[in-house]
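Since the structure comes first, as structure tokens, the remarks are kept for the end.
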Amino acid sequence: MTDPYERPGHGPADPDGYLIEQTPDGYRWTRRADGRTAGPFRSREDAVVSAEADESA
1036 MTDPYERPGH GPADPDGYLI EQTPDGYRWT RRADGRTAGP FRSREDAVVS AEADESA
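Written out as structure tokens, the structure is:
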């Protein structure tokens, strides 16, 4: 079975206003409005949870 992250349109979506990217040391998020970043996170899911928490803060 194909990894869902390798299939466009499949897998968890980036939170609105955030870009989740894989980096050499893990994952990070970038807030599109001001370019603020956080990370590295061990998994994409951890980065998404952090971005969602930042969004609601």
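Remember, this note's numbering sits 1035 above the position in the sequence shown when you count from 1.
From the three backbone atoms N, C-alpha and C, an ideal C-beta is built for every residue, glycine too.
What you are looking at is a predicted structure, and each value in this text was computed from that prediction instead of being measured.
Secondary structure of residue i, DSSP reduced to three states
i, result
"ARG1077", "coil"
"SER1091", "helix"
Residue i and residue j closer than 8 Å at C-beta
i, j, result
"ALA1086", "TRP1064", "yes"
"ILE1055", "VAL1084", "no"
Residues that DSSP places opposite residue i in a beta bridge
i, result
"GLU1056", "ARG1063"
Beta-carbon separation (whole angstroms), residue i vs residue j, contact threshold 8 Å
i, j, result
"GLY1052", "GLU1090", "7 Å"
"PRO1070", "THR1058", "The amino acid at residue 1070 is misidentified as Pro; the sequence shows Gly. 15 Å between Cβ atoms; not a contact."
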